[in-house]
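Step one of this worksheet: look at the structure below.
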Amino acid sequence: MLRGDEHQEHFIISSLDKKLPDDIKDALSIEDRWKRRYAIKRLSKRIAANSVSVRFEKWMPSKPEDLELSKIGYFRILDEQFYKKDDVGLDVDLKNPPSGSIFC
122 MLRGDEHQEH FIISSLDKKL PDDIKDALSI EDRWKRRYAI KRLSKRIAAN SVSVRFEKWM
182 PSKPEDLELS KIGYFRILDE QFYKKDDVGL DVDLKNPPSG SIFC
């Protein structure tokens, strides 16, 4: 309510934990909703340790899909071109920015 015309999206950095996207797929494929919920909850520390948040404002030309490699359920997987694990971390090309305010 206080943030105005922006929303925040969370992206999982799969290059930091290669097995995490598959583990999320496995957890989301569980039929029983409570077992599925607890399976995702067991992954929560790994998800938190391997994700970044990006704020997008309505007036910005870029959308969350511009940074997304794929989507698993409600989890967005960050395209590896935007993350340099041995360098600066989240790296958005300033010559061709996807826009958005980046907060880590």
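According to the working numbering, the sequence shown holds residues 122 to 225 in order. The beta-carbon is built from N, C-alpha and C at its ideal position, and this holds for glycine as well. No experiment lies behind these values; they were computed from the predicted model shown.
Pairwise C-beta distances place the segment 191-200 in contact with the segment 142-159, as three or more of them are shorter than 8 angstroms. Going by C-alpha positions, ASP138 is about 21 angstroms away from ARG157.
Distance from GLU201 to LEU190 at the Cβ level is roughly 7 angstroms; contact confirmed, criterion being Cβ atoms closer than 8 angstroms.
In summary, SER136 is exposed, with fewer than 16 beta-carbon neighbours lying within 10 Å of its beta-carbon over all protein chains present. For SER174, the secondary structure class from DSSP, reduced to helix, strand or coil, is strand.
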